[in-house]
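Note that the numbering used here has the sequence shown beginning at -19, numbered continuously upward. Each residue gets a CB set at the ideal place from its N, CA and C atoms; glycine is no exception. Quick caveat, the model's predicted, so the values are computed rather than measured.
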Amino acid sequence: MKTYRIATIPGDGIGKEVVPAGQRVLEAIAARSDAFQFEFENFDWGGDFYRQHGVMMPADGLDAIRNKDAILFGSAGDPHIPDHVTLWGLRLKICQGFDQYANVRPTRILPGIDAPLKRCGPKDLDWVIVRENSEGEYSGVGGRAHQGHPIEVATDVSMMTRAGVERILRFAFRLAQSRPRKLLTVITKSNAQRHAMVMWDEIALEVSKEFPDVKWDKELVDAATARMVNRPATLDTIVATNLHADILSDLAAALAGSLGIAPTANLDPERRYPSMFEPIHGSAFDIMGKGLANPVGTFWSVVMMLEHLGEMAAAQQLMSAIERITADPSLHTGDLGGTATTVQVTDAVCAILAAKPAAEFKAA
Ligand code: ATP
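Below, the structure written as structure tokens:
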């Protein structure tokens, strides 16, 4: 029997509620399988760790998780610690340390979810956003000088490398090719950003020649926001820089009904390091510790983890269990207008999984 070693990092806020829920669902899946099992190791990194040790994770933390098959992450963010410290000290340290350069965010309107786009049916919104996750606007290049003086200066340099742009665009074309519509939209801003984004456009054209069966177009990021709202069905796979995709994917999550549902994967497509799976929401301290967090974003992230591990049948089973519980309004948490708790939703998913015949969980 195959054993997958999973690092769990709940982090802060509701991460501490949704990650254990995700682990329970993985255990329910494993309980039905005679092909694989999971071995979990939990890491208590995050805001509390920072208060004790002055860092979000230990200096040799990456070595502790380097040999895992995957990482299930909750969130990093604490109202008492500056956001750039929590982000750079944990999540980005892992993403950059393990060169997880492809951030993948599927967006769909799940059954039973009341999404804000009234003119659009659930089938009109089925996107995957690919976010460049290793450089660009968030490369960390820059600095501050003359601090506290009137001549103070600060820079954040958006750094784009040919290698970095090529690999993310190639990843996006390949992903688009694997989806039924074979349709890719390359987000740009080359009208105003006349160096790096022009190179981005040129490389998109070059890489597109490797994928003659993929239909693709270019869209300015500002125009893309309007297109997502007004013509969602014209989009399928979308690729954008770190900053642009960060913003577009929050819009996408809102258009699909709730931040509490949306998942994401930080992938090292070359599989040199473990990839990391997490809900896109943050620590949500306002509802922390109350048992109200929607665990669906984490469960969908677990689906992506199972796909990455090659357990396609189990991934499909979990996705259909998720769709059954979203279709039932009595299992909606507060963010979806309901009153269900994290535990009730988790119990419901585990019960559906437990009821499936074991044969369905054999490796695909
Ligand atoms: P951070 O600073 O870590 O990004 P945040 O609280 O500013 O955290 P989010 O956690 O992303 O931002 O969420 C914003 C709001 O959306 C929260 O205050 C919460 O009310 C709601 N929310 C987010 N995720 C969930 C969830 N899983 N279940 C229920 N409500 C959620």
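Go ahead and label H312 buried or exposed: buried means 16 or more other beta carbons lie within 10 angstroms of its beta carbon, across all protein chains shown. The residue given as residue 312 occupies position 332 in the sequence shown. Buried, by the Cβ-count rule.
Based on Cα-Cα distance, which residue from T217, G(-9) and P309 lies nearest to G69? On the sequence shown, position 89 is the one that residue 69 refers to. Nearest option by C-alpha distance: G(-9).
Determine the DSSP secondary structure at E258, reduced to helix, strand or coil. Walking along the sequence shown from the start, residue 258 turns up at place 278. Strand, per DSSP.
For G101, the three-state DSSP class (helix, strand or coil): Taking the first residue of the sequence shown as position 1, residue 101 is located at position 121. Three-state result, G101: coil.
Those residues, in chain order, that have a beta-carbon closer than 5 Å to some heavy atom of the ligand ATP: G57, L239, G240, H261, G262, S263, A264, D266, A273, N274 and D315
Residues bridged to T361 (per DSSP): Absent from the model: residue 361. The displayed extent of the chain is -19 to 344, so no value can be given.
Proximity below 9 Å, CB of L90 to CB of G314: Counted from its first residue, the sequence shown places residue 90 at position 110. Counted from its first residue, the sequence shown places residue 314 at position 334. For L90 and G314, no; Cβs fall outside 9 Å.
Run the CB neighbour count on I148, radius 10 Å, all protein chains shown included, and call it buried at 16 or more, exposed below. Translated into positions along the sequence shown, residue 148 becomes position 168. Burial call: buried.
Could you name each continuous alpha helix (DSSP H) segment of 4 residues or more that falls completely within the stretch 126 to 173, going from the start of the chain to the end? 142 to 158
Can you tell me whether K103 is buried or exposed, with buried defined as 16 or more other CB within 10 angstroms of its CB? Stepping through the sequence shown from its first residue, residue 103 is reached at position 123. It is exposed - the Cβ of K103 has fewer than 16 other Cβ atoms within 10 Å.
Nearest-angstrom Cα distance between D327 and L316? For the purposes of this step, residue 327 is identified with residue 347 of the sequence shown, where counting begins at 1. For the purposes of this step, residue 316 is identified with residue 336 of the sequence shown, where counting begins at 1. Straight-line Cα distance between these residues: approximately 18 Å.
From T278 to G101, what distance separates their C-alpha atoms? On the sequence shown, residue 278 is found 298 positions in, with the first residue counted as 1. On the sequence shown, residue 101 is found 121 positions in, with the first residue counted as 1. Approximately 25 Å, taken between the alpha carbons.
What is the DSSP secondary structure of V35, counted as helix, strand or coil? Along the sequence shown, one-based indexing puts residue 35 at 55. Looking at V35 - three-state DSSP - the assignment turns out to be coil, as it is neither helix nor strand.
Taking just the CA atoms, how far does A152 sit from A382? Any property of residue 382 remains undetermined from this structure, which presents the chain solely from -19 to 344.
CA-to-CA distance, H129 to Q3, given in whole angstroms: Looking up residue 3 in the sequence shown gives position 23. Looking up residue 129 in the sequence shown gives position 149. Spanning the two alpha carbons is a distance of roughly 50 Å.
Under 8 Å: do the stretch 154 to 166 and the stretch 112 to 122 share three or more Cβ pairs, one atom per stretch? no
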